[in-house]
Amino acid sequence: MRSLRRFLVGAGLLPRRSAVFWFLLTFVAMALVMSATMFCSIIVEKEPTHELTQEPAPEDMKEPAHSRSHDVQREVASTKKTRESLLLHAGHLLSLLEQFSEESVTHPTAAGPGVEPDVRPVGKADMTPEFLLSRYYETELVRLNNDYEKEIDSGYTENVVHSENYWSPFHATRRGYGLEGSIFVGITHSQEEVTSSEMETACAATVRNIYDAARWPLGVFTGIVEITLSKTSPTTHDPTKSTETPMDSAVPPAEETPAWIPPPPSVCTPRAYLLPSCAERTAFCPTDNIRVRQVRVGPQSANGGDGAGISGRRKSHTLLSSAAAQRYATLALYRGETYVMFVRAGLQLVYKWDVLTRLLWLQLPSRSAVLSQPPVQINRQSVRLVWDRVVVKHVEGIVVASEKQFSTPANNGSLPPQPGEGQNGNGVDHWIDSIRWALDLGAVRLHSAAAAAEEEGGSVGGRKTHENNEGDPGMMEEEIVQYVFHHDAEVFREAKKNRFRTDVNTPEWGKEEGKSSSGSRSRRDIQIYWLRQFYVSLREALLKDVVEQETTSCLSGVQMKKMQSGGHLDPIFRLHAASLKRISHAMQDPRYMRPSPFHGCGGSAKNACPKMSDYKEVCNDDAILPYLQQSWVTPDFLFTRAEAFFDFPRDGIDGYRDRLNADSVPLDPFLSFLGADEEAVLLSARLWTHGWDFFSSTEPIAFIVTKPPAEGDASGTDTSTLSPTLTRMRQRSVARLRHVLFGKSRTAGLAPDAKTEALRHVERYGLGRRRSREELFYFSGLREAMKDEGVIGYKVDAQHNVDPTCPASFCHS
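Pasting the structure below:
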């Protein structure tokens, strides 16, 4: 082999080792030359004025001016490109809206005044706002968000959460629907304790409804502040024990190093969202968007500072003892969303409330609009109709089926006795036998309110069990509504699973529900059993009934009590709501997809934003869609742009701040003890004098499930039992309210130190300058009361009178 190799090398057929080496070296050199040539050409093409030099000395590290200028220009260009991309995102949605104005036509009917025109879409029968927006949020938005996220964020592929651009204004406005549409929901609630393993608190029920009923829950962010009492630490110093500390010990006394106690579970987070089934989702779990801040207070501050507290109550009262102070703390959880909405715990919202609210708001004849509505009541008749349609009808079917299967001539159509020993039955037989005690149609049906009230007088608590359920009122309509909206079917299923795992002998419906017909059962027990079986259907039917009902509500006026000396504890204001006919069906009306002249103007647009006074001639024309103007707002349900509460820079990304004819209104943190209506009146006065206009929804959005606390005092408690500390807090808060609304003379009677405390930073949280105090009293209907109190004179110029744009659309009782 060696000789053969020498022969081939000598003949030149096999290269020597040196030849191979030089061949490879030549190849590498050529590659380096080609790379250098290409690199130099790139440098010459992009930066012809720059020269490659040695690394500068430390004293020469200062960047040349022309280099900085080049970087600034490049950064400006990049920012401009990003801005255009985001505005293009909004343009996609705008073009979607504009196509409706050409695809729909309105056919007015001659049914008489007050009757809505018959709106019929041309072309596709399903081209409604509900159809188009659903398609947009399901398909187009997901793709657009993904594309723009990658374009905005250079670190998207490496680390989405912690990239340096994540908290930029572009990202803050992009979250949720995209550029326009994310909603921050602030929820105010009383510190309600969990009383049942299955029943949610009013706050948790509202939070669950907010996400379950939203069309695009990804764009909804909730803020909740909870007050928790600090418990005694296990290492807290015990005064009964020796206080001596060893001299050689480096550990300080126990009271200086208390053990960390984990916060208690949130009373406002629904249990269904804490189950593994939610946490293990590959997509969205609402807890991702729920922001809860728990504030710990000591036992001393919980009862007002002097240990007296409120007699006979465990409810804590801190500096956040009023809804106004809690709302201020809740708004601190805002993180750049487009809209701000306030709701009170215990309220429920209709399906697709987020899309519906935006459609209504964007068609209001004002760029500085606040949409607010007192919650609509669910009437008893509606509950009874839904109960009969869902529960009674299904139970009747079960009874009829069981009678056909088991009836014999001896039974005369009645249910057969329990199968004897040795009789075999299928699964249906066993199921029918297990629920025999609940197959009583007379007990399933609801009693009327009058009959229940009469029969309740002869029973204990309305739950006395009678033979054949005679005289037993069972569940009332209000109880059914509260039960349906304060429970969750997913929690039911989870509880049944755990119960079945721990006790294999317990049937799926539970031990209590598995009793035979021989057991004594009340009407209430039977109704609760069937309510749980048809829980989902009953809930959906009630929500549908609210959406389709033909009445809505608005704030029609306010009542003010006489202000007397020493009357700080009595509520000053009481708002009144009116029920009126519904005048819109926005989700099915193509007109609500047309671009509004009020919200598609100004900025870079050529057309100027009109004023409400410019539309007085066309009040009854189709140019303005139906609306309800009112004098007040209620924080029970309030929806508006975030600019109402935050003073954003005027060079915002969408230019909206430049086109506003109103100023921001920061919430007042020093209103520590006001009632709900008092806070509403003060907030309304501040918003209106800062230039904001008030409207009520033309169709129901929010409805009430849990009734609010009694209005007999400032915070849902009896003011006669307030401790001295809480009494002083109440006096300071009322003095502050009266000073802002009525003038400096209304703080008379307070001690100098109390007056100083009551008026702390009051100049920042007063009325605005867009409209005067006198105009406020005329607009709100309080001018006569203010004259009687001497706040304004009896001879006031008529120029202060502010007429609504369309008097027919103004809310009156």
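Residues 1 to 813 (the UniProt record's numbering) are what the sequence shown spells out, left to right.
In this text, a Cβ means the ideal position worked out from N, Cα and C, and glycines have one as well.
| Query | Result |
| --- | --- |
| C-beta atoms of residue 829 and Ser631 nearer than 8 Å | Residue 829 lies beyond the residue range present for the chain, which begins at 1 and ends at 813; the question has no answer from this structure. |
| Contained beta strand (DSSP E) runs [length at least 3] in the region 524 to 567, N- to C-terminal order | 551 to 560 |
| Distance CB(Leu132)-CB(Met475) smaller than 8 Å | no |
| Contact under 8 Å by Cβ, Leu741 with Leu682 | yes |
| Whole-angstrom C-beta distance between Trp353 and Ala214, which should lie under 8 Å | 7 Å |
| Same chain, Cβ closer than 6 Å to Ala541, neighbours up to 5 away in sequence not counted | Val386 and Val390 |
| Contact belief for Ser697 with Leu362 at Cβ below 8 Å, rounded distance in angstroms | With 8 Å as the limit, Ser697 and Leu362 do not qualify as a contact, their Cβ atoms being about 13 Å apart. |
| Whole-number beta carbon distance between Thr201 and Val267, since they are thought to touch under 8 Å | 5 Å |
| Host alpha helix (DSSP H) of Gln381 (start-end) | Arg380 to Trp387 |
| 7 Å CB neighbourhood of Leu543 in its chain, flanking five on each side removed | Val350 and Tyr351 |
| His761 - containing alpha helix (DSSP H), residue span | Careful: His761 lies outside any alpha helix (DSSP H) and carries neither H nor E. |
| Opening and closing residue of the beta strand (DSSP E) in which Thr640 lies | Phe637 to Arg641 |
| Residues near Met560 in its chain [Cβ-Cβ closer than 7 Å; skip 5 each side] | Ile572, Phe573, Leu782 and Ala785 |
| Closest residue to Phe485 among Asp647, Ile704, Gly442 and Arg293 (Cα-Cα distance) | Ile704 |
| Beta-bridge partners of Asp693, as assigned by DSSP | Ala369 |
| Selected residue, minimal CA-CA separation from Cys554, among Arg770, Gln373, Arg271 and Tyr334 | Gln373 |
| Those residues which DSSP pairs with Glu226 across a bridge | Gln294 |
| In DSSP terms, what Tyr339 is bridged to | Ile183 and Arg641 |
| Reference Leu356, options Arg738, Pro752 and Pro700, closest by Cα | Pro700 |
| Own chain partners of residue 816 with C-beta closer than 6 Å, once the 5 adjacent residues on each side are dropped | In the structure as shown, the chain starts at 1 and stops at 813, and residue 816 therefore has no counterpart that could be examined. |
| Bridge partners - Lys581, DSSP secondary structure assignment | Thr551 |
| For Pro286 and Leu218, the rounded distance between their alpha carbons | 8 Å |
| Thr727 versus Tyr339 - alpha carbon distance | 36 Å |
| Backbone CA spacing between Ile624 and Leu767 [nearest angstrom] | 30 Å |
| Residue interval of the beta strand (DSSP E) (run including Ala202) | Per DSSP, Ala202 belongs to no beta strand (DSSP E); it is in the alpha helix (DSSP H), Ala202 to Asp212. |
| Segment limits, alpha helix (DSSP H) that includes Leu331 | Ala323 to Leu331 |
| Residues that DSSP places opposite Thr188 in a beta bridge | Arg344 |
| Straight-line Cα distance separating Tyr334 from Ile183 | 10 Å |
| Rounded distance between the beta-carbons of Leu660 and Glu643, thought under 8 Å | 6 Å |
| Spatial distance of Arg773 from His690 (CA atoms) | 11 Å |
| Neighbour-count burial assignment, Leu441, 16 or more Cβ in a 10 Å radius | exposed |
| Counted within 10 angstroms of its Cβ, other Cβ atoms place Asp677 as buried (16 or more) or exposed | buried |
| Residue from Pro635, Ser684 and Lys581 whose Cα sits closest to the Cα of Pro626 | Lys581 |
| Those residues which DSSP pairs with Arg445 across a bridge | Answer is none; Arg445 lacks a bridge partner. |
| Local conformation of Phe703 per DSSP, three classes | strand |
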